[in-house]
Amino acid sequence: MSSSVTETGEGLAGVLRMTIVELVRRDGPDLSARQLAVFLTCYLDAEAQTVRGLAAQLAVSKPAITRALDRLTEFDLVKRKTDPLDRRSVLVQRTPAGMALLREVRGMLRDAAAGANLKLPAEPAPGRTRVPELRPAH
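Each number in the numbering used here corresponds to the 1-based position in the sequence shown with 48 added.
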(Lines of atoms letter the chains of each structure in order from A and count residues from 1; the text may use other names and numbers.)
(Lines give C-alpha, C1' and ligand atoms only; values in the text may rest on other atoms or scores of the structure.)
Protein backbone atom coordinates (compact mmCIF):
# COMPACT_ATOMS: atom_id res chain seq x y z
CA MET A 1 0.00 0.00 0.00
CA SER A 2 1.42 3.39 -0.97
CA SER A 3 2.10 6.04 1.63
CA SER A 4 -0.46 8.42 0.06
CA VAL A 5 -3.19 5.76 0.45
CA THR A 6 -2.14 5.22 4.07
CA GLU A 7 -2.11 8.99 4.69
CA THR A 8 -5.54 9.35 3.11
CA GLY A 9 -6.91 6.46 5.21
CA GLU A 10 -5.51 7.97 8.38
CA GLY A 11 -6.83 11.38 7.39
CA LEU A 12 -10.29 9.98 6.70
CA ALA A 13 -10.34 8.19 10.06
CA GLY A 14 -9.48 11.50 11.70
CA VAL A 15 -12.22 13.29 9.76
CA LEU A 16 -14.73 10.63 10.81
CA ARG A 17 -13.68 10.91 14.46
CA MET A 18 -13.81 14.72 14.51
CA THR A 19 -17.20 14.74 12.78
CA ILE A 20 -18.68 12.21 15.22
CA VAL A 21 -17.27 14.14 18.18
CA GLU A 22 -18.91 17.32 16.85
CA LEU A 23 -22.21 15.48 16.34
CA VAL A 24 -22.09 14.25 19.95
CA ARG A 25 -21.15 17.67 21.37
CA ARG A 26 -23.77 19.68 19.54
CA ASP A 27 -27.19 20.43 20.91
CA GLY A 28 -29.44 18.12 18.93
CA PRO A 29 -30.44 14.51 18.40
CA ASP A 30 -27.84 11.90 19.31
CA LEU A 31 -28.04 9.31 16.52
CA SER A 32 -26.67 5.78 16.62
CA ALA A 33 -24.46 4.55 13.78
CA ARG A 34 -27.42 2.67 12.28
CA GLN A 35 -29.71 5.71 12.54
CA LEU A 36 -27.04 7.88 10.93
CA ALA A 37 -26.57 5.32 8.13
CA VAL A 38 -30.33 5.28 7.46
CA PHE A 39 -30.49 9.08 7.61
CA LEU A 40 -27.57 9.57 5.20
CA THR A 41 -28.89 6.91 2.81
CA CYS A 42 -32.27 8.66 2.68
CA TYR A 43 -30.69 12.07 2.08
CA LEU A 44 -27.76 11.24 -0.19
CA ASP A 45 -29.38 8.71 -2.53
CA ALA A 46 -31.48 10.27 -5.27
CA GLU A 47 -34.02 7.42 -5.29
CA ALA A 48 -37.06 7.26 -3.03
CA GLN A 49 -36.39 4.95 -0.09
CA THR A 50 -38.61 2.25 1.39
CA VAL A 51 -38.17 0.13 4.51
CA ARG A 52 -37.60 -2.92 2.32
CA GLY A 53 -35.07 -1.08 0.13
CA LEU A 54 -33.17 0.36 3.10
CA ALA A 55 -32.99 -3.08 4.73
CA ALA A 56 -31.58 -4.59 1.55
CA GLN A 57 -29.13 -1.74 0.91
CA LEU A 58 -27.79 -1.67 4.49
CA ALA A 59 -27.97 -5.48 4.94
CA VAL A 60 -30.00 -5.30 8.15
CA SER A 61 -33.47 -6.55 9.06
CA LYS A 62 -36.67 -4.64 8.29
CA PRO A 63 -37.48 -4.37 12.04
CA ALA A 64 -34.06 -2.73 12.59
CA ILE A 65 -34.82 -0.20 9.85
CA THR A 66 -38.28 0.42 11.34
CA ARG A 67 -36.73 1.15 14.76
CA ALA A 68 -34.20 3.53 13.19
CA LEU A 69 -36.97 5.29 11.26
CA ASP A 70 -39.07 5.53 14.45
CA ARG A 71 -36.22 7.43 16.10
CA LEU A 72 -35.54 9.62 13.06
CA THR A 73 -39.28 10.42 12.90
CA GLU A 74 -39.25 11.42 16.60
CA PHE A 75 -36.58 14.00 15.74
CA ASP A 76 -38.53 15.14 12.62
CA LEU A 77 -35.60 14.10 10.41
CA VAL A 78 -37.78 11.91 8.15
CA LYS A 79 -41.48 11.34 7.48
CA ARG A 80 -43.23 8.20 6.33
CA LYS A 81 -45.86 8.19 3.62
CA THR A 82 -47.80 5.31 2.13
CA ASP A 83 -46.73 4.72 -1.47
CA PRO A 84 -49.75 5.71 -3.59
CA LEU A 85 -48.72 3.16 -6.26
CA ASP A 86 -48.36 0.27 -3.78
CA ARG A 87 -50.30 0.86 -0.58
CA ARG A 88 -48.39 -1.98 1.13
CA SER A 89 -45.15 -0.04 0.81
CA VAL A 90 -44.05 2.97 2.89
CA LEU A 91 -41.91 5.72 1.38
CA VAL A 92 -39.41 7.62 3.53
CA GLN A 93 -39.49 11.37 2.90
CA ARG A 94 -37.02 14.13 3.72
CA THR A 95 -37.95 17.01 6.04
CA PRO A 96 -36.69 20.59 6.44
CA ALA A 97 -35.15 19.59 9.81
CA GLY A 98 -33.37 16.69 8.12
CA MET A 99 -32.05 18.96 5.36
CA ALA A 100 -30.74 21.33 8.04
CA LEU A 101 -28.97 18.45 9.81
CA LEU A 102 -27.43 17.32 6.51
CA ARG A 103 -26.08 20.85 5.90
CA GLU A 104 -24.68 20.84 9.44
CA VAL A 105 -23.01 17.44 8.94
CA ARG A 106 -21.51 18.59 5.63
CA GLY A 107 -20.09 21.65 7.38
CA MET A 108 -18.61 19.48 10.13
CA LEU A 109 -17.04 17.22 7.51
CA ARG A 110 -15.57 20.20 5.64
CA ASP A 111 -14.12 21.63 8.86
CA ALA A 112 -12.71 18.26 9.91
CA ALA A 113 -11.21 17.65 6.45
CA ALA A 114 -9.59 21.09 6.51
CA GLY A 115 -8.16 20.31 9.96
CA ALA A 116 -6.78 17.00 8.63
CA ASN A 117 -5.33 18.80 5.58
CA LEU A 118 -7.54 16.85 3.14
CA LYS A 119 -8.71 18.52 -0.04
CA LEU A 120 -12.45 18.07 -0.54
CA PRO A 121 -14.00 18.01 -4.01
CA ALA A 122 -16.68 20.55 -4.93
CA GLU A 123 -20.13 20.15 -3.39
CA PRO A 124 -22.13 17.50 -5.31
CA ALA A 125 -25.03 18.52 -7.52
CA PRO A 126 -28.49 17.84 -6.03
CA GLY A 127 -29.49 14.21 -6.46
CA ARG A 128 -25.95 13.05 -7.20
CA THR A 129 -25.33 9.67 -5.60
CA ARG A 130 -21.63 9.04 -6.22
CA VAL A 131 -19.36 9.98 -3.33
CA PRO A 132 -16.15 11.45 -4.77
CA GLU A 133 -12.70 10.47 -3.56
CA LEU A 134 -10.83 12.54 -1.00
CA ARG A 135 -7.19 13.31 -1.69
CA PRO A 136 -4.46 14.47 0.68
CA ALA A 137 -3.77 18.19 0.18
CA HIS A 138 -0.12 18.92 -0.57
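Glycine included, C-beta positions come from ideal geometry on N, C-alpha and C.
Remember, predicted model here, so these are calculated numbers, not experimental data.
- Considering only D131, G57, L149, the residue with the shortest C-alpha distance to D124 is L149.
- Put simply, the backbone Cα of R73 is about 32 Å away from that of G101.
- Residue state for R128 is assigned as strand, using DSSP reduced to three classes.
- Scanning its chain for C-beta atoms nearer than 8 Å, with the 5 sequence neighbours on each side dropped, one finds around V138 the residues T98, V99, R128, K129, T130, D131, in chain order.
- At a cut-off of 3 residues, not a single continuous stretch assigned as beta strand (DSSP E) sits fully inside the stretch 89-129.
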